[in-house]
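All remarks here apply to the structure that follows.
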Amino acid sequence: MTDAVDVNSADSWPDDADDVAEGYLANWFVREGSAVDEGETLCEIQVEKVSIDVAAPTTGTVAERLVGEGDDFARGDVLARVQPSA
């Protein structure tokens, strides 16, 4: 079995917010166990009141959501894990 791929918040962080350390997870668009395609929007985060869609890094299944809707997180925190398709 292939290892799950981390959905790292730093990968979606806006370039003009390098001095900001925290974000807010506004919405999840997928559930744990959902099949996703690479590039599909998983969730929406907010950094400095700017909304950013976070895309799936690979095609597979959402194995785990690590940050809840409405929760704050630090830049670089893993938001979810996607188990790649075989």
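Position 23 of the sequence shown, counted from 1, bears residue number 23 in UniProt numbering, the numbering being contiguous throughout.
Think of the CB as a built atom: it goes at the ideal place given N, C-alpha and C, for glycine as much as any other residue.
Bear in mind that the values here come from a model prediction, so they are computed numbers and not experimental data.
How would you write the range of the beta strand (DSSP E) that residue i sits in, first residue to last?
i: F29; result: Careful: F29 lies outside any beta strand (DSSP E) and carries neither H nor E.
i: D72; result: D72 to A74
i: A80; result: V78 to P84
i: A63; result: G60 to R65
i: D53; result: V50 to A55
i: E40; result: Counting along the chain, E40 falls outside any beta strand (DSSP E), and DSSP gives it neither H nor E.
Please report the distance separating the alpha-carbon of residue i from that of residue j.
i: V7; j: A21; result: 17 Å
i: D55; j: D16; result: The sequence shown places Ala at residue 55, not Asp. Their Cα atoms are separated by approximately 19 Å.
i: F73; j: P57; result: 19 Å
i: I52; j: Q83; result: 23 Å
i: W28; j: D3; result: 22 Å
i: V30; j: E40; result: 10 Å
i: D11; j: G68; result: 18 Å
Of the residues the options, which one's Cα is nearest the Cα of residue i?
i: A86; options: D15, E48 and T59; result: T59
i: A64; options: P14, C43 and A26; result: One point to set straight first is that residue 64 is Glu, not Ala, in the sequence displayed. That would be C43, whose Cα lies nearest to the Cα of E64.
i: K49; options: R81, Y24 and D18; result: Y24
i: S34; options: D19, T61, W28 and A26; result: T61
i: Q46; options: E38, G39, A26 and D37; result: A26
How close, in whole Å, do the beta carbons of residue i and residue j come, if the pair is a contact with beta carbons under 8 Å?
i: R81; j: S9; result: The Cβ separation is near 13 Å, so there is no contact.
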